[in-house]
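Mapping to this note's numbering: the sequence shown position 443 is 440, numbers consecutive.
Written below as structure tokens is the structure these notes are about.
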Amino acid sequence: MHDNHYIKLLRKTEKYAEQYIKKAEHMKVVPDKRSINQLSVFEESMPGMSTNPDKVLQLLHTYGENATVAQTAGRYFGFVNGGQLPIAHAADWLASTWDQNSALYVMSPLSSKLEEVCERWIVELLRLPKQTAAGFVSGSSNAILCALAAARNNLLLRQGYNVVENGMRNAPKVRVVLGEQAHVTVWKALSLLGFGVKDIEVAKTDELGCIKVDTLPPLDGNTLLILQAGNANGGGFDPINELCEKANEAGAWVHIDGAFGLWAAASNRKKHLVFGMEKADSWSVDAHKTLNVTYDCGIVLCKDRASLVNALRRNGDYLQFSENRDGTLYTTEMSRRSRVIALWAVLKQLGAEGVEKLIDGLCLHAGYFAEELRKNGFIIENTVCFNQFMVKCETPKQTIDTLKAIQDSGICWCGKSIWNKEPVIRVSVCSHRTTKKDIDKSVQAFVKSSS
Ligand SMILES: *Cc1c(COP(=O)(O)O)cnc(C)c1O
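The structure is reproduced here in structure tokens:
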């Protein structure tokens, strides 16, 4: 393809993007049946013949776009799916244009430099120990896996056992302690690292989903303690300082899963929620959630750089490591897109002040949303401490029926969960695009759906 055609294709893309950006706000938040049915145009066998690229793009524009979930607009409150700041989108376009591979310095000095800079900035923003290392991964799932690998290997090494050499089969025991409300991705990472469900000691949690300190099993120097900063249902935070102090005394390794909640550290209003978190050994956090960076962008942080690198470094004859930062040393992958470009752009545009404003804005909007629902007779299940909450109606049946009507309305979208054995509606305010007006409109949808 000639460059002229290439550029024409991008111009067309820009036009499609422009249309989508203008349209997203007015779209149904989830696609209607007709749009979903039309996805059948993609069901064909592997084409034998080639297709004109304009035609390919046109198919995505016509049939793909209508079936998207409008999560770049302001009324998507499902899961903890973050919005996307315009600068993130724009920088990510450049990243795609440049098609950098972030594995090694020699593959992309640019990625290497921006990773180095973002590592420093994030460590500072989150008020972590200066020497903390960061790896830039696809999301918290991977960040947790990397951190727990570092933790496991380090705890075993302290017992004189090199797991990289000798494997898990004959390894001495490492204890794992976590709360009942630990995220599924923590369980998945543990399973991948050779820990069975029966190996894991579970502490009880309270009505906010936070670990009850008095139910914590005694810790020792062979223990990996996993805490949560931000419960995916109600946003509750484990009592981090108290638990970290216990762990430090015992010589245990502490990991904090703070996929969306760790960002509390960057807000003066919210930092009390993660007080003492610098006493942990490793952390995982998503930039694609609270920080509104483009998917996919997660970060693993480890106080001891060597523990992280030793768990993830493998040498290959053709790998050319350098004196500079080689990104693959901090992640499970070798080839990786340069997601740090969008991350850097967001941090550069916002500055510490802007990051704080973004976080505080999400939290304020969540509080307002909950209060308006309460005024309209809904039951708010938890105190709103961060950006999310759970809401229900008088009876479980009413809750389920209301949620279904909300989801069908297309005005806003919320997911469901189970809390205290009862169904609840989860609301997560995670986009910079959400305005009071969006919330008012959504509250109306709740009211209408419950009658
Ligand atoms: C979202 C979330 C995860 C998983 O993060 P991904 O980026 O989706 O992999 C882990 N823990 C918590 C608390 C979360 O909210």
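Note that the Cβ used here is the ideal one computed from N, Cα and C, for glycine as well.
Computed from a prediction, not measured in an experiment: that's the story for all the values here.
Where residue i sits in the DSSP three-state scheme
i	result
D234	In the sequence on display, residue 234 carries Phe and not Asp. Note: F234 maps to strand in three-state DSSP.
G132	strand
D314	coil
K372	helix
V171	coil
I197	strand
H252	strand
A226	strand
K5	helix
S446	helix
L221	strand
K268	helix
E419	strand
T182	helix
K413	strand
F39	helix
Expected contact under 8 angstroms - CB spacing of residue i and residue j to nearest Å
i	j	result
C299	D283	Not confirmed; about 16 angstroms, so no contact.
E113	R322	5 angstroms
V343	I84	6 angstroms
A277	H252	7 angstroms
T69	Q55	No, T69 and Q55 are not in contact; Cβ-Cβ is about 21 angstroms, not under 8 angstroms.
H362	I436	6 angstroms
K185	S109	With a Cβ gap of about 30 angstroms, K185 and S109 do not count as contacting.
D89	I338	7 angstroms
I223	V183	6 angstroms
R124	A262	5 angstroms
N245	S428	With 8 angstroms as the limit, N245 and S428 do not qualify as a contact, their Cβ atoms being about 37 angstroms apart.
Other residues of its chain near residue i: CB distance less than 6 angstroms, five sequence neighbours each side excluded
i	result
V199	E177
A367	I377, V381, F386
R266	D357
N238	F272, G273
S264	E353, I356, D357
I208	G176, A200, T202, D235
Buried or exposed by the 16-neighbour rule on C-beta atoms within 10 Å, applied to residue i
i	result
V194	exposed
N150	buried
K401	exposed
L91	exposed
K434	exposed
S135	buried
L36	exposed
Y315	exposed
V161	exposed
Y3	exposed
N34	exposed
P44	exposed
H269	exposed
M46	exposed
Q97	buried
Residues near residue i in its chain [Cβ-Cβ closer than 8 angstroms; skip 5 each side]
i	result
A247	P215, L216, D217, G218, T220
Q478	The structure shown has nothing for residue 478, since the chain only spans -2 to 448.
P459	With the chain covering -2 to 448 only, the question about residue 459 has no answer from this structure.
A87	A342
C449	No statement about residue 449 is possible, as the shown extent of the chain runs from -2 to 448 and does not include it.
Spatial neighbours of residue i in its chain, beta-carbon cut-off 7 angstroms, leaving aside the 5 residues before and after
i	result
F76	G412, S425
D171	Checking the displayed sequence, the identity of residue 171 turns out to be Val instead of Asp. Within the same chain, V171 has close Cβ partners R149, L152, L153, N219, L221.
L347	L355
W341	L111, V114, C115
L370	I377, V388, V440, F443
Best match in the options for proximity to residue i [C-alpha to C-alpha]
i	options	result
G206	R430, W416, V440, K445	W416
A168	L175, H180, A179, L152	L152
T94	Y17, D0, K418, T212	D0
P473	G351, G324, E391, D314	The first residue shown for the chain is -2 and the last is 448, placing residue 473 beyond what the model contains.
V26	C409, K438, V120	C409
T432	K372, Q441, L359	L359
D301	T129, K372, L142	T129
A146	K389, P393, S304	S304
T291	A308, R334, G132	R334
V461	W280, K19, V161	Past the edges of the chain, shown from -2 to 448, lies residue 461, and the structure says nothing about it.
K286	M24, T10, Y73	Y73
L57	M46, V38, M43	V38
R311	E242, V440, L101	L101
K9	I33, M46, V53	V53
A349	P50, Y17, L122	L122
P50	M(-2), D29, A64	M(-2)
K30	E22, A64, V174, S47	A64
A140	F257, R124, D89	F257
I197	G231, M165, G45, A179	A179
S319	H23, S32, M104	M104
G132	I18, E41, T328, L213	T328
T212	V174, S188, A249, L189	V174
Chain D within 8 angstroms of residue i, Cβ atoms only
i	result
M43	The structure shown contains no chain D; it holds only a single protein chain.
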